[in-house]
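Since the structure comes first, as structure tokens, the remarks are kept for the end.
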Ligand SMILES: [Zn+2]
């Protein structure tokens, strides 16, 4: 059966057009200005809505009550499906620092899930850690952090070599630079994560293969003052160096609107990936003021629409969805087509997912209709209507 989606606006790589998107099976057949549907075609008529490519979240730890770290492939499928309903049709399940055994079983679970999932896509796996700097541990379990020069992380890199898309590490740790080189050689995105590096250490890291910054501003070093002198850090490097793309948690809590505007000014629309950094609590309903025990043993308090550590000194992760992040960027002054690019095209490119992130002939049928308030009203993932 063919679907014909007639939306008020269609966001394509060529811009915002009027037209109809024709879907057959799991693929987009084409975008046509004029098309006469046959009696067998199912027509979706949405004259007030904007049709966008499905969102791609490259940094998400869970959703719908399920955590990637559980090591259960059914959980990974359930979390991918929970996000799909909100318009995130592809995810890159992301591990939190944990003991090696747990990480290995998580990677195996994601691999198994990727082969079985329907109505959502799993693009591989993202290891956030465990080689992170304790000085910037944020919500990562401090007892599970490793120094690359002292730890044997080869089993982790070899667990699913073709599925390992990205690894976040602190390049200033002993062995951090050679880890960057190893990742780069393997075609894995090396992202500067939970790092206390100076600007100059970041420049060195770029020469050793690092190309991305994990959640800019969160668990990142910033400007320090040593006597009279100012030493810029990861934040300033992320903003200033064109070699780096940056992940941005645009849940409207982690970063105020003014910082979203500053990042957009510095990086432009092509060097930002919107992420949720969502925990297992994202894409589910939560009770204000409740403390939830995470799988890594860390407690998180749901307050003011975000998860915090119980001492309220740090955020533990967001509960936002990417559609909410797109809306926040638009409210910060970013044109909708560019905000969608940050949530769809850019992360798809980062993950090497060639058939994701754009509405064009031959691409996967991952589509979201946003209503006038930018809420996802209808979602198709791999040709299946999931909302
Ligand atoms: Zn994270």
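Residue numbers (my numbering): 119 to 505. Glycine included, each C-beta is placed from N, C-alpha and C at the ideal position.
- Message: If I measure Cβ to Cβ from residue 497 and keep anything under 6 Å in the same chain, skipping five residues before and after, which residues do I get?
- Response: Looking up residue 497 in the chain shown gives position 379. Result list for residue 497: 205, 486, 504 and 505, in chain order.
- Per DSSP, which residues does residue 218 bridge with? Please list them. Here the question's residue 218 lines up with position 100 in the chain shown. Bridge partners of residue 218: none, in fact.
- Task: Give a yes or no on whether the C-beta atoms belonging to residue 475 and residue 174 are separated by under 7 Å.
- Result: Here residue 475 refers to the residue found at position 357 of the chain shown. Here residue 174 refers to the residue found at position 56 of the chain shown. For residue 475 and residue 174, yes; Cβs fall inside 7 Å.
- Query: How far does the beta strand (DSSP E) with residue 197 in it reach, from first residue to last?
  - Reply: Taking the first residue of the chain shown as position 1, residue 197 is located at position 79. First-last for residue 197: 191-202, but that is the alpha helix (DSSP H), not the beta strand (DSSP E).
- Task: Identify the continuous beta strand (DSSP E) that holds residue 329 and give its terminal residues.
- Result: Within the chain shown, numbered from 1, the residue matching residue 329 stands at position 211. Residue 329 -> beta strand (DSSP E) spans 328-331.
- Query: If you scan the stretch 433-501 from start to end, which runs of the beta strand (DSSP E) of 3 or more residues do you find wholly inside it?
  - Reply: 433-435, 485-488 and 494-499
- Would you check whether ligand 2 has a heavy atom nearer than 6 Å to the C-beta of residue 142? Looking for ligand 2 in the displayed structure turns up nothing; the ligands present are ligand 1.
- Query: Going by C-alpha distance, which of 199, 194 and 494 is nearest residue 224?
  - Reply: Numbered from its first residue, the chain shown carries residue 224 at position 106. The option with the nearest alpha carbon to residue 224 is 194.
- Limits of the unbroken alpha helix (DSSP H) element including residue 398: Against the chain shown, residue 398 aligns to sequence position 280. No alpha helix (DSSP H) holds residue 398; DSSP gives it neither H nor E.
- Query: How is the alpha helix (DSSP H) around residue 321 delimited, first residue to last?
  - Reply: Sequence index remark: in the chain shown, residue 321 carries index 203 (1-based). It spans 317-325 - the alpha helix (DSSP H) in which residue 321 sits, taken as one unbroken run.
- Delimiting residues of the beta strand (DSSP E) encompassing residue 167: The sequence position of residue 167 within the chain shown is 49, counting from 1. 160-171 is the extent of the beta strand (DSSP E) around residue 167.
- Cβ atoms of residue 393 and residue 64: under 7 Å apart, would you say? The structure shown has nothing for residue 64, since the chain only spans 119 to 505.
- Using DSSP with H/G/I as helix, E/B as strand and the rest coil, what is residue 383? Taking the first residue of the chain shown as 1, we reach residue 383 at position 265. In the structure shown, residue 383 falls within a helical segment according to DSSP collapsed to helix, strand and coil.
- Query: What are the partner residues of residue 140, as DSSP defines its beta bridges?
  - Reply: If you number the chain shown from 1, residue 140 lands on position 22. BP columns for residue 140 point to 122 and 148.
- Query: For residue 480, which residues of its own chain have a beta-carbon under 8 Å away from its beta-carbon, when the five flanking residues on both sides are left out?
  - Reply: Residue numbering aside, residue 480 sits at position 362 when the chain shown is read from its first letter. Within the same chain, residue 480 has close Cβ partners 145, 146 and 473.
- Message: Can you tell me whether residue 482 sits near ligand 1, meaning its C-beta is under 6 Å from at least one heavy atom of the ligand?
- Response: In the chain shown, counting from the first residue as 1, residue 482 sits at position 364. In this structure, residue 482 has its beta carbon at no less than 6 Å from each heavy atom of ligand 1.
- Starting from the C-beta of residue 365, find all residues in its chain whose C-beta is less than 6 Å away, skip the five residues before and the five after it, and write them out in chain order. Indexing the chain shown from 1 puts residue 365 at position 247. Closer than 6 Å at Cβ, skipping near neighbours: 177, 332, 333, 391 and 393.
- Task: Just confirm the distance between the C-beta atoms of residue 457 and residue 210, as a whole number of angstroms; I'd bet it's less than 8 Å.
- Result: As a working note, residue 457 is residue 339 in the chain shown. As a working note, residue 210 is residue 92 in the chain shown. Contact doesn't hold; Cβ gap of about 19 Å is too wide.
- Message: Only counting the same chain, and skipping five residues up and downstream in sequence, which positions put a Cβ closer than 8 Å to that of residue 427?
- Response: As a position in the chain shown, residue 427 is number 309, starting the count at 1. So the qualifying residues of the chain are 257, 416, 417, 418, 419, 433 and 434.
- Could you tell me which uninterrupted alpha helix (DSSP H) segments, each at least 4 residues in length, are contained entirely in the stretch 405-432, listed from first to last along the chain? none
- Query: If we ignore side chains and look at the alpha-carbon of each, how far apart do residue 298 and residue 269 end up?
  - Reply: On the chain shown, position 180 is the one that residue 298 refers to. On the chain shown, position 151 is the one that residue 269 refers to. Their Cα atoms are separated by approximately 15 Å.
- Message: Quick check on DSSP: helix, strand or coil for residue 313?
- Response: In the chain shown, residue 313 corresponds to position 195, counting from 1. Reduced to three states, the DSSP call for residue 313 is strand.
- Query: Can you check whether the CB of residue 159 is closer than 7 Å to the CB of residue 120?
  - Reply: On the chain shown, position 2 is the one that residue 120 refers to. On the chain shown, position 41 is the one that residue 159 refers to. Residue 120 is a Cβ neighbour of residue 159, given a cutoff of 7 Å.
- What number of angstroms, rounded off, separates the C-alpha of residue 441 from the C-alpha of residue 278? Walking along the chain shown from the start, residue 441 turns up at place 323. Walking along the chain shown from the start, residue 278 turns up at place 160. So the alpha carbons of these two residues sit roughly 30 Å apart.
- Message: Between 142, 246, 170 and 162, which has its C-alpha nearest residue 132's C-alpha?
- Response: Residue numbering aside, residue 132 sits at position 14 when the chain shown is read from its first letter. When only C-alpha atoms are compared, the closest one is 170.
- Task: Kindly confirm or deny that the stretch 301-317 and the stretch 274-290 touch, where touching means at least three C-beta pairs closer than 8 Å.
- Result: In short, these stretches touch, since the Cβ pair count reaches three.
- Message: Under 6 Å: does the beta carbon of residue 395 sit that close to some heavy atom of ligand 1?
- Response: Numbered from 1 along the chain shown, position 277 holds the residue referred to as residue 395. Answer for residue 395: yes, Cβ within range of ligand 1.
- Verify the contact flag: residue 322, CB atom, against every heavy atom of ligand 1, threshold strictly below 6 Å. Taking the first residue of the chain shown as position 1, residue 322 is located at position 204. Residue 322 Cβ: outside cutoff for every heavy atom of ligand 1.
- Bridge partner(s) assigned by DSSP for residue 128: As a first step, residue 128 is located in the chain shown; it is residue number 10 there, counting from the start. Looking at the DSSP assignment, residue 128 forms a beta bridge with 135 and 169.
- Beta bridge counterpart(s) of residue 206 as assigned by DSSP: On the chain shown, position 88 is the one that residue 206 refers to. Bridge partners of residue 206: 173.
- Message: Can you look up residue 352 in the DSSP assignment and give me helix, strand or coil?
- Response: Here the question's residue 352 lines up with position 234 in the chain shown. Three-state DSSP puts residue 352 in a helix.
- So what does residue 301 bridge to, in DSSP terms? As a position in the chain shown, residue 301 is number 183, starting the count at 1. In the DSSP output, where bridge partners are listed per residue, residue 301 has none listed.
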